[in-house]
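Data first, discussion second: the structure below is written as structure tokens.
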Amino acid sequence: MTRYYCLLWMVTLLGSCATKNLPVRSNLTPTDTQGNLTFKYRISYKPDSLIPETSTEYSNLLVGEQFSRFETVGGRAQDSVRSLFPDVLTAENFSAQEFADKMLAIPRTKFYYTIFKRATTGRLYCYEKIGNARYTYIETDSTFKWQIGPEKMTVAGYACQRATVRFAGRAFEAWFTREIPISEGPYKFHGLPGLIVKINDTRQQYVFELVRAGKTATADLIVLPTKAARLVTKTEMRRGLALHNLQFASRMASMAAGEKSLSAAERERMLKPLNPLELQ
70 MTRYYCLLWM VTLLGSCATK NLPVRSNLTP TDTQGNLTFK YRISYKPDSL
120 IPETSTEYSN LLVGEQFSRF ETVGGRAQDS VRSLFPDVLT AENFSAQEFA
170 DKMLAIPRTK FYYTIFKRAT TGRLYCYEKI GNARYTYIET DSTFKWQIGP
220 EKMTVAGYAC QRATVRFAGR AFEAWFTREI PISEGPYKFH GLPGLIVKIN
270 DTRQQYVFEL VRAGKTATAD LIVLPTKAAR LVTKTEMRRG LALHNLQFAS
320 RMASMAAGEK SLSAAERERM LKPLNPLELQ
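Residue numbers (the working numbering): 70 to 349.
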């Protein structure tokens with residue numbers, strides 16, 4: 070099984086080079102800001118909405134005066150490895166086993182997005198890796214129509230208040246705290262009079278919960294990665310990602326057909342797409 074997953078990693082990285090580019094719109098103007106507040110969230114989600122199995126990942130929200138940045142721990146780690154991949158292959162002391170061991174040690178992720186929010190304008194800059202290329206789309210109006218209720222509860226040690234909202238085809242329940250007067254939260258969520266400590270959709274398919282909050286030891290520079298990103302529409306991004314996932318799943322299923330340790334049910338699961346947070 071280990072050999073199979075090592076091979077899967079290699080095919081993922083090598084095969085991504087053949088991904089077709091999405092249409093190019095224009096480049097963004099690079100913007101820098103210092104982030105000194107960091108919040109770690111646990112993401113519990115159901116990859117398949119028809120099966121009760123739940124997966125868990127961790128993510129980081131970095132907040133600065135102008136911008137915030139949200140990304141998964143695994144996504145950031147794998148992005149760093151991918152950028153070094155060509156150099157690793159050409160190194161004289163290249164060891165396939167050593168490389169495979171490092172790959173297996175990196176946290177796995179289903180989410181390769183990075184989301185930047187700009188507090189002064191309400192704009193969202195959403196970056197996603199499709200194969201080996203970066204794309205971005207902008208949401209100019211990211212206003213959430215929150216309904217704040219009277220219910221209060223202690224969540225993760227903070228005095229919180231309940232709020233609800235409909236977003237992207239799902240109904241969400243959020244618990245925010247005025248103890249941290251920052252209008253921020255995980256993923257794209259923001260706009261409440263305090264930090265979102267926990268938020269989940271009503272079907273419990275996606276749950277974000279704060280597990281750590283604090284200041285960074287040194288200010289972290291938040292930079293919009295505009296140099297290598299192509300600006301597309303959100304619709305183009307979704308279509309390109311769906312096509313890439315379908316091609317990758319088909320390739321992996323073909324490889325798995327010759328792996329005796331994988332059951333027919335496991336091979337079938339590999340062909341199923343991820344249950345997306347945004348249904349619309």
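Ideal Cβ placement from N, Cα and C applies to all residues, glycine included.
Determine the DSSP secondary structure at GLN349, reduced to helix, strand or coil.
-> coil
Let me know the secondary structure DSSP gives GLY144 once reduced to three states.
-> helix
Should ILE184 and LYS267 be called a contact, given that it needs their Cβ atoms to be closer than 8 Å?
-> no
Return the first residue and the last residue of the beta strand (DSSP E) that SER124 is part of.
-> SER124 -> beta strand (DSSP E) spans 124-133.
Buried/exposed call for GLN349, threshold 16 Cβ in 10 Å | So GLN349 counts as exposed.
Sort ILE217, ARG177 and GLY238 by Cα distance to GLY263 and report the nearest one.
-> ILE217
When the Cα atoms are used, what is the spatial distance from SER211 to ARG192?
-> Whole-angstrom Cα-Cα distance: 6 Å.
Is ALA298 near THR205, with beta carbons less than 8 Å apart?
-> Yes.
Whole angstroms is fine: what's the gap from CYS229's alpha carbon to GLY254's?
-> 13 Å
Which of helix, strand or coil does DSSP assign to ALA228?
-> strand
Could you check the C-alpha separation between LYS284 and SER137 for me, to the nearest Å?
-> 14 Å
Should VAL301 be labelled buried (16 or more other beta-carbon atoms within 10 Å of its own) or exposed?
-> buried
Nearest to THR107 (by Cα), restricted to the options THR287, TYR227 and ALA225 | THR287
Distance between PHE139 and SER260 (C-alpha atoms, nearest Å) | Rather than Ser, the amino acid found at residue 260 in this sequence is Gly. Pairing GLY260 with PHE139, the inter-Cα distance amounts to about 15 Å.
Among GLU126, VAL224 and SER252, the one whose alpha carbon lies nearest that of LYS115 | GLU126
When we look at the beta-carbon of ALA243 and count the other beta-carbons within 10 Å, is it buried (16 or more) or exposed?
-> With 16 or more other CB atoms across the displayed protein chains lying within 10 angstroms of its CB, ALA243 is buried.
Can you list, in chain order, the residues of its chain whose CB lies under 6 Å from that of GLU347, leaving out five sequence neighbours each side?
-> Closer than 6 Å at the Cβ level, and outside the excluded window around GLU347, lie ALA237.
Quick one: what does DSSP say GLY200 is sitting in, helix, strand or coil?
-> coil
Helix, strand or coil at LEU119 [DSSP, three-state] | coil
Figure out for me which residue from LEU173, GLN274, ARG307 and ARG231 has the closest Cα to the Cα of GLY215.
-> A small fix is needed here, since residue 215 is Trp in this sequence, not Gly. Closest option to TRP215, Cα to Cα, is ARG231.
Where LYS198 falls, given that 16 or more other Cβ within 10 Å makes a residue buried | buried
In the structure shown, what three-state DSSP assignment does ALA188 receive?
-> coil
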